[in-house]
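Okay, structure first, notes after.
Protein chains: 2
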Amino acid sequence: MDAAAGKQPRIVIVGAGFGGLSAAKALRRASAKVTLIDRTNYHLFQPLLYQVATAELAPSEIAVPLRSILRDQENAEILLGTVNDVDLQARTVILQELGQKVSYDYLVVATGAQHSYFGHDEWERYAPGLKTVEEATAIRRRILLAFERAETETDPEERRRLLTFVIVGGGPTGVEMAGAIAGLAKRILVRDFRHIDPRSARIILIEGQDRLLSTYPENLSMAADRSLERLGVEVWLSKMVETCDEDGVVAGGQRIEARTIIWGAGNAASPAAQWLNADRDRAGRVKVAPDLSLPGHSEVFVIGDTALVTMDDGSPVPGVAPAAKQQGEYVAKVISAKLAGHPAPEPFRYRNLGNLATIGRSAAIADFGWLRISGFFAWVLWGLVHIYFLIGFRNRFAVAAKWLWAYFTVDRGARLIIGAQEPSSRSAPPPS
Amino acid sequence: MDAAAGKQPRIVIVGAGFGGLSAAKALRRASAKVTLIDRTNYHLFQPLLYQVATAELAPSEIAVPLRSILRDQENAEILLGTVNDVDLQARTVILQELGQKVSYDYLVVATGAQHSYFGHDEWERYAPGLKTVEEATAIRRRILLAFERAETETDPEERRRLLTFVIVGGGPTGVEMAGAIAGLAKRILVRDFRHIDPRSARIILIEGQDRLLSTYPENLSMAADRSLERLGVEVWLSKMVETCDEDGVVAGGQRIEARTIIWGAGNAASPAAQWLNADRDRAGRVKVAPDLSLPGHSEVFVIGDTALVTMDDGSPVPGVAPAAKQQGEYVAKVISAKLAGHPAPEPFRYRNLGNLATIGRSAAIADFGWLRISGFFAWVLWGLVHIYFLIGFRNRFAVAAKWLWAYFTVDRGARLIIGAQEPSSRSAPPPS
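Going line by line, the protein sequences match chains A and B. If you read the first sequence in the numbering used here, its first letter stands for residue 1, the second for the next number, and so on. If you read the second sequence in the numbering used here, its first letter stands for residue 1001, the second for the next number, and so on.
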């Protein structure tokens, strides 16, 4: 895997999210070897991950194998691996896998972000986040098992604890999770149990600031709040989480006993800033030059949630899929220009195409700057936009069919508790 | 959960496979309380599990939540739990979950079978079987990771080891797995890699007897053999596996170096015979009375792969889904007759509706006794029969659509490596 990459320049892209993948695709005509490294073998449509966590979609409907996306792009290769470090002097990327190094002429770092536990990483075991497919299926298992255990629980206090769901963080992830869990409890599961009434479930959304969706205009925050309350979600504003343990949380001085806590708060960039020894902001994002390169290293670019890019008004470009995509396409243009010896393109500018968030069945909010809507029409729009951007025709079709089916029949097909047992059951108790 | 089940008699069914589920459904008009216990929350359409293992279908397409199947059957309840033992005297079923006991007036044991490692249970870690969703996704991960690792492997010997796949057992599971892996390697993945040619993969199917599919007529065994050879599978007959380790297997005195070994041989009934302290055959199956009850206990029934039922010619009823279903419906009739004070029905008789197996794309074999066919027509028949028996309209539709799509486009959508990392990645290396 070492140097000797031949005469063609080698472009290494780390991370196959929206940023990295769009960079790789935009480089299809570059006369260079493009190596895309990711630790999974698929591109994940993260905006719908919460629907995997709430049993609405299956993982394969929002994940597409990278090799099938780039199959026909002959200058691209894919490497399944976990990057650990970057050697800026030697121009190599270092993989966790024993001794593997990949050398580059141009490097694009697009490693995304994680949730931030505000210095309390020990809370993660009680309050898992929602960034990977594994986390989404683990959360789905927790939610569904809570109902199953409540069904056979005879102690009323423990039963209440099992039927209490706390979501921390009132950003899009938290709002969408709260709405989806409410839908599950109050509609989908209603007739499934004999000893509990799933409608009695308590769903609490906790936000530290004084309104939900703080990056949206205020009237849309209000609309989201009202939609959630209508679904039976308790919205707690201006409350910070002080503790998290296996029996619940303390927020704003008040204790909530709950067996299921989901973390959707804070954003911390991946450790890329450490690898690059770069200037970063408090969230760990790399401060980049106007062409998204690493200051002092015009051959290294940082994009997406890993980069801090400021807009004309001084505020940062938001950490959303369209921003990452635009940045991926932009750096592809910069690198192509360098390879061809053309002048550098204009500095990067983010074009805000609007923001969307959904709140359960039939309600959503949309903000296009010139148009701000909420309610059913925003929800239909949300569905169309998400289906349109799903990569791969088949997934688009499958998701559309599933949503329509779910809408008209009130059912959820992906309601499987998988992975609760070890794959190997031989030494374990017999199947029942 | 203890006694005090009220005045209605309580029927407990352990296991929600084809046998247990069909018994529960056939008891829908019985004036009794039906409790179905399973350690998963879904019914699994096991005949298609190999397609999950070979990335053709997603788990949610062949698994249906039990609660949605029995939602409208008011006399039925579902209990998620693992049965550990049965107390025949006290008439209770004992759950692994701390101290839980469930009392019964009638008991149906339908706990299925596992693969048998012929006394070498330590082989399971090297050669996983294919009975659960977790095992299927673990096998899928192994197969796909083998290709990924081969792509970056520089040692030609290790690369060959990675591209060698051994399937042990030439029954339907082994034949179907071998055909599907061949399809994956020789068609689906062909253009996905840059450094390896997936078509060079070696797929070896090892069978101890002198022909494949030994429960089928001989000419169909031959047809299966020919179809597999055409797909590039090496079929090794009359060879017993002598050792299994992480580098490969020894079979018939010959060593095969392979990183992926899949076990599809032997059948061992679940430990139900031990719980019931019952007479059993060498495979651990309970010898039942002609009405499928446990000799000496007319209130306990054993069905499906857990029971040894003999046909008129003295041979055992095969361990296939239709047999389990017929037995489930039969014991429901016996119990209903007892509850109503009606005379007992005739002894159980198995009606052979035919056997089907598929070998990769466009080939299958079918045996209906009066009709034995192989080839494309048998394959279409196989597809229709499997779709027809898939529970739940949506899954039927989804699987049909997916198969048609795969047939005309040569693509496989569920090609995801999931679960390779721990769900919690905070303490682990950063995402790449």
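Note that beta-carbon positions come from the ideal geometry of N, C-alpha and C, so glycine has one too.
Terminal residues of the alpha helix (DSSP H) in which residue i lies
i         : result
B:Val1320 : Counting along the chain, B:Val1320 falls outside any alpha helix (DSSP H), and DSSP gives it neither H nor E.
B:Phe1018 : Phe1018 to Ala1026
B:Gln1051 : Leu1049 to Ala1053
A:Gly179  : Pro172 to Gly183
A:Leu95   : Careful: A:Leu95 lies outside any alpha helix (DSSP H), inside the beta strand (DSSP E) at Thr92 to Leu95.
Three-state secondary structure (DSSP) of residue i
i         : result
A:Thr310  : strand
B:Pro1065 : strand
A:Arg141  : helix
A:Ser336  : helix
A:Glu257  : strand
A:Lys101  : strand
B:Ala1113 : strand
B:Val1166 : strand
B:Thr1154 : coil
B:Asp1197 : coil
A:Ile13   : strand
A:Asp121  : helix
B:Ala1357 : strand
B:Val1190 : coil
A:Arg161  : helix
A:Val364  : Note on identity: in this sequence residue 364 of chain A is Ala, with Val being the wrong assignment. A:Ala364: strand per DSSP, three-state reduction.
A:Arg71   : coil
B:Arg1149 : helix
Own chain, CB closer than 7 Å to residue i, minus 5 neighbours either side, in chain order
i         : result
A:Trp275  : Asp85 and Val86
B:Ala1150 : Arg1159, Leu1162, Leu1163 and Ile1196
A:Ser270  : Thr111, Gly112, Ala113, Gln114 and Thr306
Own chain, CB closer than 8 Å to residue i, minus 5 neighbours either side, in chain order
i         : result
A:Ala337  : Pro343, Ala344 and Pro345
B:Glu1218 : Arg1211
B:Pro1059 : Val1052, Val1133, Ala1136 and Thr1137
B:Ile1143 : Ala1053, Thr1054, Ala1055, Phe1165, Ile1181, Leu1184 and Thr1260
B:Ile1256 : Thr1164, Val1166, Ile1204, Gly1248, Val1249 and Val1250
Which listed residue (the options) has its alpha carbon closest to that of residue i
i         : options                                       : result
A:Lys101  : A:Val12, A:Ile69 and A:Glu135                 : A:Val12
B:Val1108 : B:Val1052, B:Arg1140, B:Arg1010 and B:Pro1059 : B:Arg1010
A:Ser22   : A:Ala283, A:Gln326, A:Ala272 and A:Thr132     : A:Gln326
A:Gly174  : A:Phe18, A:Thr40, A:Leu49 and A:Tyr388        : A:Leu49
B:Arg1191 : A:Ile387, A:Arg71, A:Arg125 and A:Val320      : A:Arg71
A:Ser31   : A:Arg230, A:Lys7 and A:Tyr42                  : A:Lys7
A:Arg67   : A:Asn41, A:Leu88, A:Ala90 and A:Leu381        : A:Asn41
B:Gly1319 : B:Asn1355, B:Arg1415 and B:Ile1417            : B:Asn1355
B:Cys1244 : B:Gly1020, B:Ile1062 and B:Val1168            : B:Val1168
A:Ser315  : A:Arg230, A:Val235, A:Asp281 and A:Thr154     : A:Asp281
B:Ser1214 : B:Asp1247, B:Gly1170, B:Gln1254 and B:Asp1312 : B:Gly1170
B:Ala1348 : B:Gly1341, B:Leu1339, B:Ile1359 and B:Glu1329 : Residue identity differs from the one stated: residue 1348 of chain B is Phe in this sequence, not Ala. Ranking B:Gly1341, B:Leu1339, B:Ile1359 and B:Glu1329 by Cα distance to B:Phe1348 puts B:Glu1329 first.
Segment limits, beta strand (DSSP E) that includes residue i
i         : result
A:Asp38   : Lys33 to Asp38
A:Ala76   : Ala76 to Leu80
A:Asn352  : Careful: A:Asn352 lies outside any beta strand (DSSP E) and carries neither H nor E.
B:Ala1251 : Gly1248 to Ala1251
B:Asp1225 : Careful: B:Asp1225 lies outside any beta strand (DSSP E), inside the alpha helix (DSSP H) at Glu1218 to Arg1230.
B:Glu1234 : Val1233 to Trp1236
B:Glu1242 : Val1241 to Asp1245
A:Tyr126  : Segment: none, A:Tyr126 is in no beta strand (DSSP E) and carries neither H nor E.
B:His1043 : Tyr1042 to Leu1044
A:Ile418  : Looking at the DSSP string, A:Ile418 is not in any beta strand (DSSP E), and its letter there is neither H nor E.
B:Asp1087 : Val1083 to Asp1087
Cβ neighbours of residue i in the same chain (closer than 6 Å, five flanking residues each side left out)
i         : result
B:Lys1287 : Asp1279 and Leu1308
B:Gly1208 : Met1240
A:Ala332  : Ala23, Ala26 and Leu27
B:Ile1365 : Leu1220, Ala1223, Ala1224, Ala1357, Ser1374 and Ala1378
A:Ala185  : Pro198 and Ala201
A:Leu36   : Ile13, Ala16, Ala24 and Ile78
B:Arg1140 : Ala1053 and Ala1055
A:Ile94   : Asn84, Asp85 and Lys101
B:Ala1323 : Val1317 and Tyr1350
B:Gly1284 : Ala1268, Ala1269 and Ala1273
**Request:** Run through the segment 367-392 of chain A for me and flag every whole alpha helix (DSSP H) of 4 or more residues, listed as ranges in chain order.
**Result:** Counting whole runs of 4 or more residues, the segment 367-392 of chain A contains the alpha helix (DSSP H) stretches 376-389.
**Request:** Go through the segment 259-310 of chain A residue by residue and report every complete run of the beta strand (DSSP E) that reaches 3 residues or more, in order.
**Result:** With a minimum length of 3 residues, the continuous beta strand (DSSP E) runs that stay inside the segment 259-310 of chain A are 260-263 and 297-302.
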